[in-house]
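For the sequence shown, UniProt numbering begins at 1 and goes up steadily by one.
Here's the structure we're looking at; comments come further down.
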Amino acid sequence: METPGILISFNLLLKRYTTKVLSSTSASSAIAALSPGGVLMHGGAQQAINQMIPSEVQGELKHLYAAAGELLRHFWSCFPVNTPFLEEKVIKMKSNLEKFQLTKLRPFQEKIQRQYLSANLTGHLEEMFQKAYGKFQIWQNRRMMRKT
Numbered sequence: 001m002e003t004p005g006i007l008i009s010f011n012l013l014l015k016r017y018t019t020k021v022l023s024s025t026s027a028s029s030a031i032a033a034l035s036p037g038g039v040l041m042h043g044g045a046q047q048a049i050n051q052m053i054p055s056e057v058q059g060e061l062k063h064l065y066a067a068a069g070e071l072l073r074h075f076w077s078c079f080p081v082n083t084p085f086l087e088e089k090v091i092k093m094k095s096n097l098e099k100f101q102l103t104k105l106r107p108f109q110e111k112i113q114r115q116y117l118s119a120n121l122t123g124h125l126e127e128m129f130q131k132a133y134g135k136f137q138i139w140q141n142r143r144m145m146r147k148t
């Protein structure tokens with residue numbers, strides 16, 4: 001009758017090595033809190049940006065953040081990917097993120113670099129995209145390992 005002890009040990013091991021993932025709601029809240037104007041982003045840097053960058057550019061940046069936030073919210077809501085629908089959606093959302101980055105974010109970055117040489121206004125957006133791409137890559141690797 002060693003089976004219950006082995007089962008308990010296995011369950012403890014499984015709990016230790018189970019990946020902890022944020023819910024899509026928690027991930028969305030974190031993105032909102034860390035975006036410009038979010039709860040965690042108040043302070044002196046905002047005042048410096050207001051003085052350095054024209055309001056037109058600030059407005060454009062806010063629109064980029066809003067659009068990127070919406071795309072990222074949809075992307076993160078796909079996890080955990082446990083249905084064919086979510087699998088299809090996460091692939092589509094990754095593609096949409098890449099298109100957004102190429103057609104909206106990069107042109108804005110280039111414009112800012114031409115006009116305001118040292119201002120790195122999009123670094124945070126880039127980090128959010130890179131985190132999403134990293135998560136997608138991990139998911140895709142696990143998916144490929146399961147198929148083999």
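Glycine included, every Cβ here is placed at the ideal spot set by N, Cα and C.
The model shown is predicted, which means the values in this text are computed figures rather than measured ones.
- Around the beta carbon of residue 94, 16 or more other beta carbons sit within 10 angstroms, so the residue counts as buried.
- Residue 28 and residue 148 have their C-alpha atoms roughly 33 Å apart.
- For residue 142 and residue 22, the gap between their C-alpha atoms comes out near 18 Å.
- When secondary structure is reduced to three states using DSSP, residue 71 falls in the helix class.
- Annotation: residue 116 is outside any alpha helix (DSSP H) and is labelled neither H nor E by DSSP.
- In terms of CA proximity to residue 70, 125 leads the group 115, 125, 50, 87.
- Residue environment: residue 85 is assigned as exposed (fewer than 16 neighbouring CB atoms within 10 Å of its CB, all protein chains considered).
- When the Cα atoms are used, residue 51 and residue 102 turn out to be separated by approximately 28 Å.
- With a beta-carbon spacing of about 6 Å, residue 64 and residue 105 fall inside the 8 Å limit used to define contacts.
- Sorting 80, 134, 99 by C-alpha distance to the C-alpha of residue 67 places 99 at the top.
- For residue 123, the enclosing alpha helix (DSSP H) starts and ends at 123-147.
- Where residue 100 is concerned, the enclosing alpha helix (DSSP H) starts and stops at 84-100.
- The alpha carbon of residue 123 has as its nearest neighbour, out of 24, 38, 61, the alpha carbon of 61.
- With a threshold of 16 other beta carbon atoms within 10 Å, residue 138 falls short and is exposed.
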